[in-house]
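Before any comments, here is the structure.
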Amino acid sequence: MRAILSTTEYDPLVPVHLDVLPSSDLGTTTRRVTRTATLDGGAAFGDFGFTEADRTIVLRWRQRSAAQEESVRRLVSTYTRITVSCAAGLFLAAPQAYTPGAEESRLDLLVERRLTA
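All residue numbers for the sequence shown refer to this note's numbering, where the first residue is -6 and numbers rise by one.
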């Protein structure tokens, strides 16, 4: 599976293409639901619906080159928001953490919103 990282403004050093591993997590679909116990032994639910902003995308990949790793590190350290295109769609996300590794690198992205329908 492929993931493409980019910016919302012109940058000659992007996009960055990653061949992500199947262990990557493209986020789960959850609803904003709360449950409060009631005095009669039941529960009261508040359902505030679904939003993409609850999605966290975790990309994992094997290092291909030092240049690719430097490109990812640069994106994370330079931009507050990046775009990520993956099998789940196109998203605007805040890079939360980048962990380079000898065997496997990891990038955690907090989704702000979906950019595709």
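We treat Cβ as the ideally placed atom computed from N, Cα and C, and that holds for glycine.
Only buried fits Val9, as 16 or more other CB atoms lie within 10 angstroms of its CB. In this structure, Arg53 and Leu14 form a Cβ contact; the two beta carbons are roughly 5 Å apart against a cut-off of 8 Å. Only residues of its own chain outside the window of five on either side were considered, and among them Tyr91 and Pro93 have a CB closer than 8 Å to the CB of Arg66, listed in chain order. DSSP lists Ala37 as the bridge partner or partners of Thr29. Membership of Arg67 in the alpha helix (DSSP H) is indicated by the continuous run Ala59 to Thr71. Nearest neighbour of Asp40 by Cα position, chosen from Thr27, Leu32 and Arg48, turns out to be Thr27. Less than 7 Å divides the Cβ of Leu19 from the Cβ of Ala81.
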